[in-house]
Structures are given as C-alpha cells and as structure tokens.
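Written below as structure tokens is the structure these notes are about.
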Amino acid sequence: MPTFALVDCNNFFVSCERVFNPKLANKPVVVLSSNDACVIARSNEAKALGIKMGEPVFKCDQVLKNRNVFIFSSNFTLYNDMSKRVMQSLTQMAREIEVYSIDEAFVFWPDITLNNHDYSKHIKHKIKQNIGLPVSIGLGPTKTLAKMANNIAKKSESGVFEITESNLDEILKVTPVGDIWGIGRRYTKFLISYDINTAYDLKNCDDNWVRKNLSIIGLKTVMELRGISCFNLDDNPEAKKSICVSRSFGKNVIEIEELKEALALHVTGAAAKLRKQNSITSSVNVFIMYTKYHDNFRFYQSLSYQLPVATAYTPDLIRAANICLEKMFKPGLLYKKVGIVFYDFVCADFVQMSTINNVNNLEKQTKVMRTIDKINSKKGKNKVFFAAALSDYSWESRRLKKSANFTTNWNEILTIKI
DNA sequence: TCTGGGGTCCTAGGACCC
DNA sequence: TCTGGGGTCCTAGGACCC
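Heads up, the first sequence is in the numbering used here, so the first residue is 686 and it goes up one at a time.
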C-alpha cells in the first residue's frame, strides 16, 4: 500500500516575502487580501499575537501598529512564481505528484525509497536550500491522514510526521472533529450536536448514518480515517470547468464606463486562462456587487449570456459581457465589485462551424489571440490588450504595501548593497 | 470607513420524456 | 378512494477546500 505524502509550505505568502527580506525573520509578519482588507497569511509570531485568519484589518489595527507587525499587500505574481519553483523541484524528486493548491502537493515518493520519513526530511532540506522556503511533510496511508499528519508535522521539531496503523487511534482521539480535512464549520457543529467530538468518534460512526447526513463525500472521509484510501492521487487534473476573475474596487464606482473598463480587463484575463487550457466557452456570466447610499448592506446580482458560437476570442467575450452588464446596470448605486465567469466549455479542437463563424474568420481570430498571448507571456501581462480595457485604473484595488516582483521582472530584481 | 478571490462536488426538486 | 414507474436534464442552494 503506498504512503501519501503531503508537502505544505509553512505560512506560504509570508515565507515568500521572507526569502527576499531577511530582516523579517522571527518577526511578526502578515499579508493582506486585495484592497488591503483582510489578513490572509500570518507568520507564527503574528499568530501568537492573536491575529486571526481572514480578520479585517480595521479590527486588528491596534495590534498591528502597537506590536510593530510587518504588513504586506498580496503579491500573487511573486507567490505564483515561487509556487512553480517548489512544484518543479518536487516533481523531480517524486514518483507522482498532484499539485493541490498554490502551497501544497500530494506526492508518492519514488519506489526505491525504503524509509519515507527520512526521505521526507531530505526533501524538506532540499527545498529550503534550493528555494528558501520552509515546508512541512505529513505521511499517511490516505490523503485525509496525510493531511492530519501534516498538521502535527507543522508543530513538530523535525517538520515531518507519519501516521501509521500503530499510532492511528491515539492520534484520532486527540484530533477535534473540526480539524479533519473535509469537515467544515457546518458539519462540525452538526457532529458535535450528536456528541461526535473527535476524529476517533467519527471513525466509529455508523456508515448509513454518515451517508445520510454527510453525503457520499463524508462517508469517504470516514473510510479514510479507517485507513482505507478513497481519494486517489490525481496527477493529471482535468481542465477547469469554470473560470472566474473578479476584483473588488478600491473606491465606490458609479459610472458604467468604469465598470466596463474593469470588466473588460477581467474578461481579458479569464480569456487568456481559457485559451491556455485549450478550451472555448459557450456561456458567460457577469456578476456585480453594490451597496446603496446610507446603507452598507451588500447586494449581488448576476446575469448569464449564451454565446451563439463557443469562442475564446477576447473581443467577442467582452461584447457578450457588456450586454449582461448593460442590462443590470442601474444609475445611482455604489458599485463595489465586478466579475466574470466562463462555463460550459468545449475543447477548442472541436470548433463548431456556423454561418456566423466561417473558417477564414476563425483562423484569423485564433492567430490574433495566439500572437497576443505569446507577446504577453514573453513581455509581461497585458503588454498588448484591447482598447475596451484601456483605463486610468482609478477603480483598482488598493495594494499600498506590495513587495517587488523579485523573480519575474528584471527591473525589480533584488539589489544588495555591500 | 474598511469584510478576498477562485474553485469543486453533491443533493433536492422541478420540468419533461416515454 | 385509488393517483405508474423509470429515466434525463437543469438549476439553485449548500457544503467543502485553499
């Protein structure tokens, strides 16, 4: 039976900032969400000060100031690039890898590895040495247990921990049910109301009861707690089924022109993602968030549009998005956010022909987009774009404390004074 | 004053079909 | 009074993850 390893970067966003800023070591550091609104990553020192995950900045303002916490706006260009480096490095040292999120991956170590625990320590050392990021590694007979082991590894000296048959029950008994991967807030509350408080309690629940109340996914989780693997390692994840790009504004937006600029920019980004996975979309959905004067309650509204022909051609997608926006827009509201969702994908190789879309036209469109994508991937995001997305960006979200793009932009490369 | 952004999967219920 | 049986597709809502 293979052992799953979960490699997880410690306090990932904070650790990325630390790689290029050594004075942050051992100091409280936080990274903020877009608009510098919430705390989305904390160093251990910041956690120790009681700063919570997802906490709005205005609520912990005093602690941040009084305790000299280092604050950064999120820099996803940097984090994505650092993530890529970690995953490439792991790929070289693993037999199989499933990149699970920006900062973690499930892996099977190579077959020749006799001792998973020692090999994990070796990997941990390598990643720190090559990339500068600290990772923790959890090992277990199922994904759920590898996750659990990882939580223990994070608090351990060595940063590596393995759950085996012999220590399984002992660990489950001290793991709160809400700490299990796949058991969220709602289920935790529900389970506790039935006096199911620990992972051990859940492991011993009746299958039918679990199936009925926690759905098939919940039952799989319970099986995994028993050491029976139900979630496979997926080393070839399928193309995305929907693509969404949205941002909150840095100020209240009132004019439809500004909304259109922001929307066109989001559509441009989403369309690039769409083409990258070789898909074309049949449907677009535009959503907006707004408030009214003298009232902070937030309203969401959305509208979909079915394209006559599936496409990944940015101008057509901007046009479709604008149709939705124009139908929803009402003057006099304070707009906070706009976003686009593409869904109902078709593989780009199976293009549907119609009278609207003759072959020549389609070839031209494909060529144009391919060229633009090529230039942008070489010269930087949105070096070339459509005029609809031209803007003074006065609505852009606040990112007052962003660090430099150390790894992706020659002009922002780290300089050292000697 | 200020509360992120991007995904997946499951289920129940309605519409519709034979 | 009794109100088939089996299926598909779609959607909204709810749960979860990082």
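Heads up, the beta-carbon is just placed ideally off N, CA and C, and yes, glycines get one too.
Annotated three-state conformation of Gly-867 is coil, per DSSP. For the 7 Å CB-CB criterion, Gly-823 and Leu-691 form a contact. Ser-968 carries a strand assignment under DSSP once its states are collapsed to helix, strand and coil.
The beta carbons of Val-715 and Gly-739 sit about 12 Å from each other, so the pair does not count as a contact at 8 Å. Boundaries for Gly-954: no beta strand (DSSP E) harbours it, while the alpha helix (DSSP H) harbouring it runs 941 to 961, taken from the DSSP string. Straight across, the Cα-Cα distance linking Thr-827 with Gly-869 is about 19 Å. In the three-state DSSP reduction, Val-754 falls in the coil class, being neither helix nor strand.
Apart from the 5 residues on each side of it in sequence, Phe-1030 sits with its Cβ closer than 6 Å to the Cβ of Ser-964, Thr-966 in its chain, given in chain order. Around the beta carbon of Met-833, 16 or more other beta carbons sit within 10 angstroms, so the residue counts as buried.
It is roughly 36 Å from the alpha-carbon of Gln-747 to the alpha-carbon of Gln-814. When the five nearest sequence neighbours on each side are left out, the beta carbons in the same chain lying within less than 6 Å of the beta carbon of Glu-946 are those of Ser-1076, in order along the chain. Counted as a single uninterrupted DSSP element, the beta strand (DSSP E) harbouring Lys-936 occupies residues 927 to 938.
For Lys-1022, the uninterrupted beta strand (DSSP E) segment begins and ends at 1019 to 1032. A direct Cα-Cα distance of roughly 51 Å separates Val-859 from Ile-1103. Judged by DSSP secondary structure, Thr-776 falls within the alpha helix (DSSP H) whose first and last residues are 761 to 778.
Nearest in C-alpha terms to Lys-839, of all of Ile-1003, Glu-702, Asn-729, Asn-970, is Asn-729. Relative to Val-792, the option among Thr-798, Lys-811, Ala-779 whose CA is nearest is Ala-779. By the Cβ-count criterion, Tyr-1020 is buried, with 16 or more other Cβ atoms from all chains shown falling within 10 Å of its own Cβ. Val-930 sits close to Ile-1025, with the two beta carbons spaced by under 7 Å. In the structure shown, Phe-743 falls within a helical segment according to DSSP collapsed to helix, strand and coil.
In the DSSP secondary-structure assignment, Phe-791 is bridged to Leu-691, Glu-783. A Cβ-Cβ distance of about 6 Å is found for the pair Ile-881 and Cys-890, placing them in contact under the 8 Å criterion.
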